[in-house]
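What follows is a short report on a single structure.
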Amino acid sequence: MERESFKSRMGFILVSAGCAIGLGNVWKFPYICGQYGGAAFILIYLIFLVILGIPVLTCEFAVGRASRRSVAGAFEKLEPRKTRWHGLKAIGIIGCYMLMMFYTMVGGWMLYYCLRSVRGDFDGADPQMISNAFSGMLADVPTMILWTVIICVIGFAVCFFGLKSGIERISKLMMIALLVIMVVLAIHSITMPGSGEGIKFYLVPDIDKIIENGIGNVVFAALSQAFFTLSLGVGAMLIFGSYLDKDQKLIGEAVSVTSLDTFVALTAACFSFGIQPDSGPNLIFVTLPNIFAGIAGGRIWGGLFFLFMSFAALTTIIAVFENLLAFNKDLFGWSRGKSVAIVAPLMVLLSMPCVLGFNLLSDIQPLGQGSTIMDLEDFIVSNNLLPLGSLGYILFCTRSNGWGWDNFTDEANTGRGLGISRSLKGYVSYGIPAIIMVIYLKGYYDKFAPMGNVTLICWMIVAILLLTYVLYCSGIIGKRNN
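In terms of my numbering, the sequence shown is residues 2 to 483.
Encoded structure:
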């Protein structure tokens, strides 16, 4: 069967950016930025995007375009005989499923709050009422399940109609609407009282925040956010490379997608001008509804904001759902309709532990006091699968027993536009893997050292085992069969 392809380059960029632009930009970024020092964190984050994010994204696009497969079949298509690179597909398959196990729930929250804002549930509400509304939603099992199911149904319905008629058409419309709404909201936020202090926070580095959190935690958070915001390492972006023609060189496409993604993240930070920028996830569901409740036209601004958030979530959900369907095509030869019929109910079922983790299963606190099942799933994806998967792509595209530097650069430099210099081989082959591995292990140490030596040792063993798996698949350790 002939591989589907995008109708236009703009469709590819908007759909790929739609996958990258999600809750990582407009939910996670403002409060992580606030927690880790504002402008200082942004600078480290931007550096990681340039020196790590763009090269890894180029690798994913190249592997996808050359193989014309999803991550479930790409390594088998390109790897030399009798090598173990195909073992890396487990990171992509598990990563996409696990990302959606909590992402769909939070996306459901956005749709629900959009409805609540439009119908005026928060008009005239005091801060305690708004705080109780969020807590009440988390405790309301039927409501939590309903909105998770609704967003899953919407996402799979779009995917059912295929790449051009469903995903490209709908994602382009949502992305255009998202960008328009975002600019309107950002302009409005600058006119609000206290915006000057907010702007200052995002422009002036807060060194004390970095010292307070520890430089290792700040750097690791910036690295994780760079990978999370671009959905790198689990093949979520690879799939769109597999639908791409060879008219354009790939690093230019990676720069375009990253630039659009970064623009949205930085502009989204405007939404928290004038309010406590490090107030955590409650920023979206408690702090901002309080702001909207107290300003003229709050129902309109609140509705637009949560519509924007819903589009951001949906574009990513649709993109990753497409990966889940592509897995079945590559592994089992299933049709799109059959995959939707099987994966949609499976995805709803897999989302339930996270949903119930805020109510019926709230006693389960896997990462310490106050943590939830969602925190564990987010940690597995953001702090493990994304960086380790990215390491796998870099090694695969540069090592002689893998796809190799020459094959990678030939594919990446096919077409018009900005190409990748072959003189970067040393940095990409050795520099990027070294940076990822050092920061990955240092991040584990900084995160778990305060919990005591026993906890630290146990988690460091987990980190080393996961890293060892990637190095084993790449042939760096263990007997190589080729």
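Built from N, CA and C at the ideal position, the CB exists for glycine as well. The structure presented is a predicted model; accordingly, all values stated were derived computationally and were not measured.
Of the candidates Leu-377, Pro-56 and Asp-124, Leu-377 places its Cα closest to the Cα of Tyr-104. Contact check for Gly-479 against Ile-92 fails: the beta carbons are separated by 8 Å or more. Here Trp-335 has Asn-329 as same chain residues with Cβ atoms under 7 Å from its own Cβ, once five neighbours each way along the sequence are excluded. Taking a cut-off of 8 Å for Cβ pairs, the region 113 to 133 and the region 363 to 380 do not touch, as fewer than three such pairs fall below it. Per DSSP, reduced to three states, the secondary structure at Arg-400 is coil, with no helix or strand assignment.
The three-state reading of DSSP puts Gly-215 in coil, since its state is none of H, G, I, E or B. Distance between Phe-359 and Leu-100, taken at the CA atoms: about 17 Å. Going by DSSP, Val-142 is part of the alpha helix (DSSP H) stretching over 142 to 161.
The beta carbon of Pro-434 is closer than 7 Å to those of Leu-392, Ile-395 and Leu-396 in its chain, skipping five residues each way along the sequence. Nearest to Trp-460 by C-alpha distance, out of Val-471, Ser-475, Gly-444 and Cys-474, is Gly-444. With fewer than three CB-CB distances shorter than 8 Å, the region 207 to 214 does not count as touching the region 291 to 299. Gly-108 and Ala-314 do touch by the CB rule: their CB atoms are close to 3 Å apart, below 8 Å.
Non-local beta-carbon contacts of Val-159 in its own chain, meaning distances under 7 Å to residues more than five positions away in sequence, involve Gly-167, Ile-168, Ile-171 and Ile-319 in chain order. Restricting attention to Val-344, Asn-408 and Asn-291, the CA atom closest to the CA of Ser-118 is found in Asn-291.
Boundaries of the alpha helix (DSSP H) around Met-348: 337 to 357. Per DSSP, Ile-285 lies in no alpha helix (DSSP H) segment and is marked neither H nor E. When Leu-251, Phe-264 and His-87 are compared, the shortest CA-CA separation from Ile-43 is found for Phe-264. Within 10 angstroms of the beta-carbon of Ala-223 lie 16 or more other beta-carbons, which makes it buried.
The DSSP-derived three-state label of Gln-370 is coil.
Around the beta carbon of Asn-402, 16 or more other beta carbons sit within 10 angstroms, so the residue counts as buried.
Here Arg-85 has Cys-474 as same chain residues with Cβ atoms under 6 Å from its own Cβ, once five neighbours each way along the sequence are excluded. The criterion of a C-beta distance shorter than 8 Å is not satisfied by Cys-20 and Val-235.
The C-beta separation of Phe-306 from Phe-13 comes to about 28 Å, leaving the pair out of contact by the 8 Å criterion. Measuring C-alpha to C-alpha distances from Tyr-32 to each of Asp-364, Ile-285, Val-471 and Val-142 identifies Ile-285 as the nearest.
Going by C-alpha positions, Leu-147 is about 38 Å away from Glu-254. Out of Cys-60, Gly-65 and Gly-23, the CA that lies nearest to the CA of Ser-6 is found in Gly-65. Between the region 348 to 367 and the region 74 to 82 there are fewer than three inter-stretch CB-CB distances shorter than 8 Å, so the stretches are not counted as touching.
Shown here, Arg-66 sits in a helix according to DSSP, grouped into three states. In terms of CA proximity to Ile-465, Met-438 leads the group Asp-447, Val-455 and Met-438. Within the same chain, and ignoring the five residues on either side of Val-256 in sequence, the residues whose Cβ sits closer than 8 Å to its Cβ are Ile-55 and Leu-419. Of Gly-427, Ala-178 and Gln-370, the smallest CA-CA separation from Met-452 is found for Gln-370. The bridge partners DSSP lists for Gln-249 are Arg-417. Bounds of the alpha helix (DSSP H) holding Asn-324 are 299 to 333.
Counting only unbroken stretches of 3 or more residues, no beta strand (DSSP E) element lies wholly within the region 28 to 112. Met-238 sits close to Phe-62, with the two beta carbons spaced by under 8 Å.
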